[in-house]
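Be aware that the sequence shown starts at 24, since it is given in this note's numbering, and climbs by one per residue. Structure first, commentary second.
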Amino acid sequence: MKLTPTELLEYNFCPRFIYYMNVLKIPQYEERRYKVQRGREEHEKRLARNKDYLWKKIGAIARQSNIYLETERYHLRGIVDEVLTLQDGSLAPVDFKFSNTAYTFRSHRIQLYTYCLLIEEVFGKPVKKGYIFYIRDGNRQEEVPYGEAARVSVITTIEDILGIIQREKMPKPTKMRSRCVDCTYKNICVR
Numbered sequence: 024m025k026l027t028p029t030e031l032l033e034y035n036f037c038p039r040f041i042y043y044m045n046v047l048k049i050p051q052y053e054e055r056r057y058k059v060q061r062g063r064e065e066h067e068k069r070l071a072r073n074k075d076y077l078w079k080k081i082g083a084i085a086r087q088s089n090i091y092l093e094t095e096r097y098h099l100r101g102i103v104d105e106v107l108t109l110q111d112g113s114l115a116p117v118d119f120k121f122s123n124t125a126y127t128f129r130s131h132r133i134q135l136y137t138y139c140l141l142i143e144e145v146f147g148k149p150v151k152k153g154y155i156f157y158i159r160d161g162n163r164q165e166e167v168p169y170g171e172a173a174r175v176s177v178i179t180t181i182e183d184i185l186g187i188i189q190r191e192k193m194p195k196p197t198k199m200r201s202r203c204v205d206c207t208y209k210n211i212c213v214r
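Structure representation (structure tokens):
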């Protein structure tokens with residue numbers, strides 16, 4: 024079994040997502056698919072207009088787009104929007120978000136950290152940071168440092184998720200009850 028960055032996000036939203044999706048095999052029915060598709064379309068348009076400018080601005084000497092990465096060791100797989108080679112030889116993921124926000128959400132950081140771990144493992148090169156581009160915000164760029172604490176956090180989350188799946192035992196719900204209001208599983212979840 025290989026987890027995706029989205030599953031790590033869902034676990035951090037509420038561990039029960041993993042139980043319902045991966046143990047009971049109950050799919051989510053979400054309305055956010057529109058936002059994802061719209062973000063991809065906007066991403067393609069913006070990249071076509073100013074692709075070289077953005078990469079030169081942050082010191083990238085090469086880039087690869089829409090890279091599928093997979094690692095047996097960490098039970099992970101995912102598609103990274105961009106993988107940059109920086110001037111110092113390190114690599115950096117780029118994640119495009121169709122959002123307009125003044126700050127970087129924790130969930131966005133978790134996803135970026137997951138891509139950092141994937142890149143380190145697959146390419147065998149150092150990853151010191153990643154970038155999030157908020158494309159509804161005029162390509163606002165956020166540089167996110169990546170270090171040992173972030174790496175350990177991702178690995179611990181993976182271990183927790185795999186534990187839920189292997190034990191097939193429902194975990195405790197999120198402590199933030201406000202998240203239950205918009206949850207796709209709210210009608211079947213017993214708190």
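A virtual CB, placed ideally from N, CA and C, is assigned to each residue, including glycine.
Residues of its chain near residue i, where Cβ-Cβ distance is below 8 Å and the 5 sequence neighbours each way are ignored
i	result
R56	At R56, the pLDDT of 49 sits below 50, so the modelled position is not reliable and the matter cannot be decided from this model.
I84	T108, L109 and Q110
R163	F156 and Y157
R202	F36 and C37
Short CB-CB distance (under 7 Å) between residue i and chain D
i	result
G153	In the displayed structure, chain D is absent; only one protein chain is listed.
Nearest candidate by alpha-carbon position, reference residue i, set the options
i	options	result
Y154	L109, V117, Y97 and L185	V117
E143	F156, V167 and V106	V106
G170	T108, F36 and R132	R132
D111	S201, K151, I178 and D183	K151
P194	D104, Y138 and V46	V46
G101	V213, L32 and R214	L32
Y126	E95, E165, A115 and N89	E165
E95	I81, R190, M24 and N89	M24
L185	I81, I90, G82 and H98	H98
Collapsed DSSP secondary structure at residue i in the structure displayed
i	result
T124	coil
I184	helix
I102	strand
D118	strand
R86	strand
T207	coil
T108	strand
T179	helix
Under 7 Å between C-beta atoms of residue i and residue j
i	j	result
I158	F119	yes
L141	L92	yes
I41	I181	no
T197	C37	yes
Q51	T207	yes
Sequence-distant residues of its chain with Cβ nearer than 6 Å to residue i (five each side left out)
i	result
P149	S113
I49	Y43
W78	R86
Close Cβ partners of residue i (< 7 Å) along its chain, the five nearest in sequence each way excluded
i	result
P28	G101, Q134, T137 and Y138
In chain order, each alpha helix (DSSP H) run of at least 4 residues that lies wholly inside the region 129-172: Entirely contained in the region 129-172, the alpha helix (DSSP H) runs reaching 4 residues are, in chain order, 129-146.
Complete runs of the alpha helix (DSSP H) confined to the region 27-52 [at least 4 residues]: DSSP runs (the alpha helix (DSSP H)) wholly in the region 27-52: 28-36.
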